[in-house]
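Worksheet for the structure shown next.
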Amino acid sequence: MAAASASSQGGGEASVGAEANGGEGAAEGGVGAGGGPRLVIYSRDGCCLCDGLKEKIETALLMGTESSVLDGLQVEVRDITTRKEWMEAYQYEIPVMMRVTVDQSGNSIETLIPRQSPRASVDRVRKALEAAFST
13 MAAASASSQG GGEASVGAEA NGGEGAAEGG VGAGGGPRLV IYSRDGCCLC DGLKEKIETA
73 LLMGTESSVL DGLQVEVRDI TTRKEWMEAY QYEIPVMMRV TVDQSGNSIE TLIPRQSPRA
133 SVDRVRKALE AAFST
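In this text, residue positions in the sequence shown follow the numbering used here: the first is 13, and each later residue adds one.
Shown next as structure tokens:
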């Protein structure tokens, strides 16, 4: 079964719906604390599209199998209202999903995961995540 957690500013774990204020969480560095894949969701309070996507991701992760590339996925939700650069970049785009990897120099690199329709099924969201994390 996939283990989904979201880092928060305090470094604790929470459900996918937890907000990271400032994005300075326990999963900083490109992979989760356990070395698993890492997903960042840019969101904000009161965004019904964001809430819907977070619920679909949480459900998709609960449907996981032992062989899934999403096993151990660390999910960090970043509130765009906490940083000016996030607000400027994503205010008209949220929810935005990013795959986080680390290059050879230890720098975190965020790669955009294609936006999913608000009408996309849980299965469709899961397939999009699997495609993003299988490369």
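Built from N, CA and C at the ideal position, the CB exists for glycine as well.
Keep in mind that this is a model prediction, so the values were computed, not measured.
**Prompt:** Whose C-alpha, out of Cys-62, Asp-115, Asp-57, is nearest the C-alpha of Gly-132?
**Reply:** As a position in the sequence shown, residue 132 is number 120, starting the count at 1. In the sequence as presented, Gly is not what sits at residue 132; that position holds Ala. Closest by alpha carbon: Cys-62.
**Prompt:** Can at least three beta-carbon pairs, one atom from the segment 102-114 and one from the segment 49-64, be found at a separation below 8 Å?
**Reply:** yes
**Message:** Just to confirm before moving on: does the CB-CB distance between Phe-145 and Leu-85 stay below 9 Å?
**Reply:** Here residue 145 corresponds to residue number 133 of the sequence shown, with the count starting at 1. Here residue 85 corresponds to residue number 73 of the sequence shown, with the count starting at 1. Closer than 9 Å, so yes.
**Item:** Assigned secondary structure, Val-108 (DSSP; H/G/I helix, E/B strand, else coil)
**Value:** As a working note, residue 108 is residue 96 in the sequence shown. DSSP places Val-108 in strand when its eight states are reduced to three.
**Item:** Glu-142, DSSP secondary structure in three states
**Value:** Here residue 142 is taken as the residue at index 130 of the sequence shown, counted from 1. In the structure shown, Glu-142 sits in a helix (DSSP, three-state: H, G or I).
**Asked** Is Arg-138 near Leu-82, with beta carbons less than 9 Å apart?
**Response** Position 126 of the sequence shown, counting from 1, holds the residue named residue 138. Position 70 of the sequence shown, counting from 1, holds the residue named residue 82. Taking 9 Å as the Cβ cut-off, Arg-138 and Leu-82 qualify as a contacting pair.
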